[in-house]
Amino acid sequence: MEEPFTRVVQQIFNNWAALKLAVEHSMGGPDSKQTAIECMNYMVQFCLYETNVDVDSIQEALEDIMDEEFETICEDNSPKEIALVLFKFLQLFRAGDLAQCEIEYQKLPVMNTEWLRQSKTQVPHAAVVDDSSSEENNESETPMVEDGWVEVKNRRKR
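Quick note: the sequence shown uses the numbering used here, first residue -8, plus one each step.
What follows is the structure, encoded as structure tokens:
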């Protein structure tokens, strides 16, 4: 049940404008996208394994995530709307009504790009050091970030 529910949560989070804006503006720090993925995984676990899950507890968890992880307060009522949709799917999964789950899943909005996707293998940040000079007193390390990779090059002070 976890894999199909993860698919649903991923689709819903991909369509959540407030979350996407928070990630695009790095409200969750330099690894905002990874934070969003972790929050998505947390919501799957919360919904499936927490006792007495209802719409209000899901809404509260979503609001806490946005506030604590992204320093964002949603005034658009989106956490409540998402909580209602997640709870509907949760009830269908628990009832074993996978056919209705698929019908409801097909009704979810589809974004042109899936910006929030967890790959099966996460690539860690790597540091590449250019030791082209041995004059340590006249050099500084300047991090260069590109596509999730961190490259550190030694640059001489002028």
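We treat Cβ as the ideally placed atom computed from N, Cα and C, and that holds for glycine.
As the structure is a prediction and not an experimental result, all values here were calculated from the model.
Chain-order list of residues whose beta-carbon lies under 8 Å from that of Ile3 (same chain, five-residue window excluded): Taking the sequence shown and counting its residues from 1, one reaches residue 3 at position 12. Within the same chain, Ile3 has close Cβ partners Ile73, Val76, Leu77 and Leu99.
Within 8 Å, strictly: CB atoms of Cys65 and Ala9: As a first step, residue 65 is located in the sequence shown; it is residue number 74 there, counting from the start. As a first step, residue 9 is located in the sequence shown; it is residue number 18 there, counting from the start. Yes.
Status (buried if at least 16 other CB within 10 Å, exposed otherwise) for Gly19: For the purposes of this step, residue 19 is identified with residue 28 of the sequence shown, where counting begins at 1. So Gly19 counts as buried.
Where the alpha helix (DSSP H) containing Met31 begins and where it ends: Counting from one through the sequence shown, the residue named residue 31 turns up at place 40. Per DSSP, Met31 belongs to the alpha helix (DSSP H) from Ser23 to Tyr40.
Inter-residue Cα distance where the pair is Asp235 and Met(-8): Since the first residue shown for the chain is -8 and the last is 149, residue 235 is missing from the structure and cannot be characterised.
Close-in-space but distant-in-sequence residues of the same chain around Glu29 (CB under 7 Å, 5 per side omitted): Start at 1 with the first residue of the sequence shown, and residue 29 comes out as number 38. Answer for Glu29: no residue qualifies.
For Trp106, the nearest candidate out of Phe(-4), Glu(-6) and Leu12 (CA to CA): What you label residue 106 is simply residue 115 of the sequence shown in a count that begins at 1. When each option's Cα is compared against that of Trp106, the closest is Leu12.
Residues near Pro70 by beta carbon distance below 6 Å, same chain, minus five either side: The residue you call residue 70 lines up with position 79 of the sequence shown. So the qualifying residues of the chain are Gln50, Leu53 and Glu54.
Residues of its chain near Ser23, where Cβ-Cβ distance is below 6 Å and the 5 sequence neighbours each way are ignored: Translated into positions along the sequence shown, residue 23 becomes position 32. Excluding residues within five positions, the ones whose Cβ falls inside 6 Å are Val14 and Ser17.
Straight-line gap, Asp67 to Ala90 (C-alpha atoms, nearest Å): Within the sequence shown, numbered from 1, the residue matching residue 67 stands at position 76. Within the sequence shown, numbered from 1, the residue matching residue 90 stands at position 99. Rounded to whole angstroms, Asp67 to Ala90 spans 31 Å at the Cα level.
Reduced DSSP category for Pro70 - H, G, I as helix; E, B as strand; rest coil: Locating residue 70 in the sequence shown gives position 79, where the first residue counts as 1. DSSP places Pro70 in helix when its eight states are reduced to three.
Separation of Pro21 from Glu62, as counted between CA atoms: The residue you call residue 62 lines up with position 71 of the sequence shown. The residue you call residue 21 lines up with position 30 of the sequence shown. Each residue's Cα considered, the two are about 13 Å apart.
Nonlocal neighbours in the same chain, by C-beta distance under 8 Å from Asp58, ignoring five residues either side: Translated into the one-based positions of the sequence shown, residue 58 becomes position 67. Cβ neighbours of Asp58 beyond the five flanking positions: Ile64.
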